[in-house]
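*Asks:* Quick one: the structure is below, questions incoming.
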Amino acid sequence: MTIADIRLTPRERAAHLRANDLHRLVGLVEHDDAADPFPVVGIDAVVFVCGNATQSAHYFVSTWGMTLVAYAGPETGQRDHKSFVLESGSVRFVLEGAVSPDSPLADRHRRNGDGVVDLALEVLDVDRCIERARSQGATVLEEPHDVTDDFGTVRRAAIATYGSTRHTLVDRSRYGGVYLPGFAPHSSGFVRRPGAPERLVQALDHAVGNVEMGRMDHWVRFYNRVMGFTNMAEFVGDDIATEYSALMSKVVANGNHRVKFPLNEPAPGKKKSQIDEYLDFYGEPGCQHLALATSDILRTVDALRAEGVEFLDTPDAYYDDPELRARIGRVRVPVAELKRRGVLVDRDEDGYLLQIFTKPLGDRPTVFFELIERHGSLGFGKGNFRALFESIEREQAARGNL
Ligand SMILES: [Fe+2]
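Next up, the structure:
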């Protein structure tokens, strides 16, 4: 079996992605599901709570070039909140906002601000996964059950992970509708100008969780034990500590590498760690950033900047450092093009990657996005941690939180 033979999800096929594309974009590899105690196909959806999902949906369509495909709300019988489903390549975001002041989402937003409430996973057998999760001590939030409409049946359940974040488990093999039963197809009336952004990102590469000091290994073991995820890479405090802040990070991944979860915890430093700042403003552990894969990071960054998206600055010194120049070697574009945009480079024994980070997406200094273009490297930009953190710290200092 070769990469080209890997079975793709209907979502990936609809986005005209091929297995080789996904191998290059996110490191997709073949995997034997039969021997896996908790076979995960991939991330089904990232579900956000928003203070104003109606306007956030417009932002993702107009600025990020995503496509609005489905909706549920009072008009479709979902009385207390609105849900907008957006797609770009194989990425699926669901934005939820309270309609009724009594909606639990209103309380959730009061506590966390805009953020990720659910990293939903597509699985082959919901019942088998829940049985495994329970036997390994996971908290089952929703028992397996069927939901049905005219387009078929979805079997789903949910388990708890860090903070109030959940993993809904979804088996959609018997379903042909646009998202889930209860959702109606929906499109945006937004008319793109010629040249406006369209499908700037192709796939979700990784989703990072921030947890409390001393809890990272607990959650690494949780994913090892409950989901059979393996450890991909390990960063220790010494590698990435700066003068003022520090963190520890480890990465777990599912068998086919579509799902990669780095987990961060703060490490002791002279001043407040960026992870502590997140925990203070989110109010509890939660998802810190989502890395979105693109095959042309320069085009994507230019298009997003033109729409007003703000990225973290990278000091000129980063590009002029002879040590860095020597370490990164040859990349597909001149370093001057990367410098002009603030795109970072990292290299390991397998290849290199290009990456850049947005400023926080909402009002609170919590969740943000990363754009990543991989060229063989399966890393996460370890070599960039110092340059990146120094830049984050300048922002933190400007907010008075350092
Ligand atoms: Fe990342």
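So that you can map any letter, position 115 of the sequence shown is 115 in the UniProt record's numbering, and since no number is skipped, the others follow by simple counting.
By construction, the Cβ of each residue, glycine as well, lies at the ideal position given by its N, Cα and C atoms.
Check whether the stretch 340–347 touches the stretch 95–102, taking contact to mean three or more Cβ pairs, one atom from each stretch, closer than 8 Å.
*Replies:* No: fewer than three Cβ pairs fall under 8 Å.
*Asks:* List the whole-angstrom C-beta distance separating I372 from Q355, where the pair is believed to meet the contact cut-off of C-beta under 8 Å.
*Replies:* Working through the sequence shown from its first residue, we reach residue 372 at position 372. Working through the sequence shown from its first residue, we reach residue 355 at position 355. Correct: roughly 5 Å between the Cβ atoms.
*Asks:* Do you know how far the Cα of H375 is from the Cα of E323?
*Replies:* Here residue 323 refers to the residue found at position 323 when the sequence shown is read from its first residue. Here residue 375 refers to the residue found at position 375 when the sequence shown is read from its first residue. Cα-Cα distance, rounded: 21 Å.
*Asks:* May I ask you to check if the CB of P10 is nearer than 7 Å to at least one heavy atom of ligand 1?
*Replies:* Residue numbering aside, residue 10 sits at position 10 when the sequence shown is read from its first letter. Flag unset: Cβ of P10 not near ligand 1.
*Asks:* Can you round the beta-carbon distance between E310 and T358 to whole angstroms, since I take them to be within the 8 Å contact cut?
*Replies:* Position 310 of the sequence shown, counted from the start, is the residue given in the question as residue 310. Position 358 of the sequence shown, counted from the start, is the residue given in the question as residue 358. With a Cβ gap of about 7 Å, E310 and T358 count as contacting.
*Asks:* If you drop the 5 nearest sequence neighbours on each side, which residues of the same chain put their C-beta closer than 6 Å to that of M213?
*Replies:* Within the sequence shown, numbered from 1, the residue matching residue 213 stands at position 213. Result list for M213: E265 and P266, in chain order.
*Asks:* Quick check on this structure: which residue in G381, V85, V191 and E370 has the alpha carbon closest to the alpha carbon of S62?
*Replies:* For this step, residue 62 is matched to residue 62 along the sequence shown. The residue with the shortest Cα to Cα distance from S62 is V191.
*Asks:* Would you mind stating whether A57 and F84 have Cβ atoms separated by less than 8 Å?
*Replies:* Locating residue 57 in the sequence shown gives position 57, counting from the first residue. Locating residue 84 in the sequence shown gives position 84, counting from the first residue. Closer than 8 Å, so yes.
*Asks:* Do you know how far the Cα of V367 is from the Cα of L8?
*Replies:* Here residue 8 is taken as the residue at index 8 of the sequence shown, counted from 1. Here residue 367 is taken as the residue at index 367 of the sequence shown, counted from 1. About 29 Å.
*Asks:* Under the criterion of a Cβ to heavy atom distance below 7 Å, does V251 qualify as lining ligand 1?
*Replies:* Residue 251 sits at position 251 when you count from the first residue of the sequence shown. No; taking the cut-off as 7 Å, the Cβ of V251 has no heavy atom of ligand 1 nearer than that.
*Asks:* In angstroms, rounded to a whole number, what distance separates the CA positions of E12 and Q202?
*Replies:* Numbered from its first residue, the sequence shown carries residue 12 at position 12. Numbered from its first residue, the sequence shown carries residue 202 at position 202. Taking the straight line from one Cα to the other gives about 9 Å.
*Asks:* Hey, could you find the ends of the alpha helix (DSSP H) L279 is sitting in?
*Replies:* On the sequence shown, position 279 is the one that residue 279 refers to. Start and end: Q274 to Y282.
*Asks:* With DSSP as the reference, identify every bridge partner of C287, one or two as the case may be.
*Replies:* Mapped onto the sequence shown, residue 287 falls at position 287. Its beta-bridge partners are G209.
*Asks:* Between the C-alpha atoms of T300 and R132, what's the straight-line distance to the nearest angstrom?
*Replies:* For the purposes of this step, residue 300 is identified with residue 300 of the sequence shown, where counting begins at 1. For the purposes of this step, residue 132 is identified with residue 132 of the sequence shown, where counting begins at 1. So the two alpha carbons sit approximately 40 Å from each other.
*Asks:* If you measure between the beta carbons of G381 and C287, is that distance less than 8 Å?
*Replies:* Locating residue 381 in the sequence shown gives position 381, where the first residue counts as 1. Locating residue 287 in the sequence shown gives position 287, where the first residue counts as 1. Cβ atoms of G381 and C287: not closer than 8 Å.
*Asks:* Taking 8 Å as the cut-off, does the stretch 67–79 touch the stretch 158–168 (at least 3 CB pairs, one atom from each stretch)?
*Replies:* No, the stretch 158–168 does not touch the stretch 67–79.
*Asks:* Once DSSP output is grouped into helix, strand and coil, what is the label at P74?
*Replies:* Start at 1 with the first residue of the sequence shown, and residue 74 comes out as number 74. Helix.
*Asks:* According to DSSP, is N20 helix, strand or coil?
*Replies:* For the purposes of this step, residue 20 is taken as residue 20 along the sequence shown, with counting starting at 1. Of the three classes helix, strand and coil, the one that applies to N20 here is helix, per DSSP.
*Asks:* Alpha helix (DSSP H) containing H58: first to last residue?
*Replies:* Here residue 58 is taken as the residue at index 58 of the sequence shown, counted from 1. From DSSP, the alpha helix (DSSP H) with H58 extends over A53 to S62.
*Asks:* Mind pulling the beta strand (DSSP E) runs of 3 or more residues that sit fully within the UniProt domain "VOC" (42–172)?
*Replies:* DSSP runs (the beta strand (DSSP E)) wholly in the UniProt domain "VOC" (42–172): 67–72, 81–88, 91–98, 115–123, 140–149, 152–160 and 166–171.
*Asks:* Examine the Cβ distances between the stretch 45–60 and the stretch 266–281 and report whether three or more of them are shorter than 8 Å.
*Replies:* Judged by Cβ distances under 8 Å, the stretch 45–60 makes no contact with the stretch 266–281, as fewer than three pairs qualify.
*Asks:* Could you give the first and the last residue of the continuous alpha helix (DSSP H) run that contains S222?
*Replies:* Translated into positions along the sequence shown, residue 222 becomes position 222. Checking the sequence shown, residue 222 turns out to be Phe, not Ser. Where F222 is concerned, the enclosing alpha helix (DSSP H) stretches over M216 to M227.
*Asks:* Can you list, in chain order, the residues of its chain whose CB lies under 7 Å from that of Y175, leaving out five sequence neighbours each side?
*Replies:* In the sequence shown, counting from the first residue as 1, residue 175 sits at position 175. Only F151, G152, T153 and V154 meet the Cβ criterion.
*Asks:* Going by C-alpha distance, which of L247, D171, L180 and D363 is nearest R399?
*Replies:* Locating residue 399 in the sequence shown gives position 399, where the first residue counts as 1. Considering only alpha carbons, the answer is D363.
*Asks:* Classify P10: buried if its beta carbon has 16 or more other beta carbons within 10 angstroms, exposed otherwise.
*Replies:* On the sequence shown, position 10 is the one that residue 10 refers to. When all chains shown are included, P10 counts as exposed.
*Asks:* Start and end of the beta strand (DSSP E) containing residue 418?
*Replies:* With the chain running from 1 to 402 in the structure shown, residue 418 is simply not present.
*Asks:* Would the C-beta of H206 count as close to ligand 1, meaning under 7 Å from any of its heavy atoms?
*Replies:* Start at 1 with the first residue of the sequence shown, and residue 206 comes out as number 206. True, at least one ligand heavy atom lies under 7 Å from that Cβ.
*Asks:* Tell me, to the nearest whole angstrom, how far the beta carbon of N256 is from that of L28; I am working on the premise that it is less than 8 Å.
*Replies:* Walking along the sequence shown from the start, residue 256 turns up at place 256. Walking along the sequence shown from the start, residue 28 turns up at place 28. Their Cβ separation, rounded to whole angstroms, is 6 Å, which keeps N256 and L28 in contact under 8 Å.
*Asks:* If I'm right that L292 touches L361 with Cβ under 8 Å, what's the distance once you round it to whole angstroms?
*Replies:* Mapped onto the sequence shown, residue 292 falls at position 292. Mapped onto the sequence shown, residue 361 falls at position 361. So it is not a contact: roughly 12 Å between Cβ atoms.
*Asks:* Rounded to a whole number of angstroms, what is the C-alpha to C-alpha distance between P185 and V178?
*Replies:* Working through the sequence shown from its first residue, we reach residue 185 at position 185. Working through the sequence shown from its first residue, we reach residue 178 at position 178. Roughly 6 Å between the two C-alpha positions.
*Asks:* Quick check: does the Cβ of P360 come within less than 7 Å of any heavy atom belonging to ligand 1?
*Replies:* Working through the sequence shown from its first residue, we reach residue 360 at position 360. No, ligand 1 has no heavy atom inside 7 Å of this Cβ.
*Asks:* Going by DSSP, which residues form a beta bridge with F369?
*Replies:* The sequence position of residue 369 within the sequence shown is 369, counting from 1. Answer is L290, bridged to F369.
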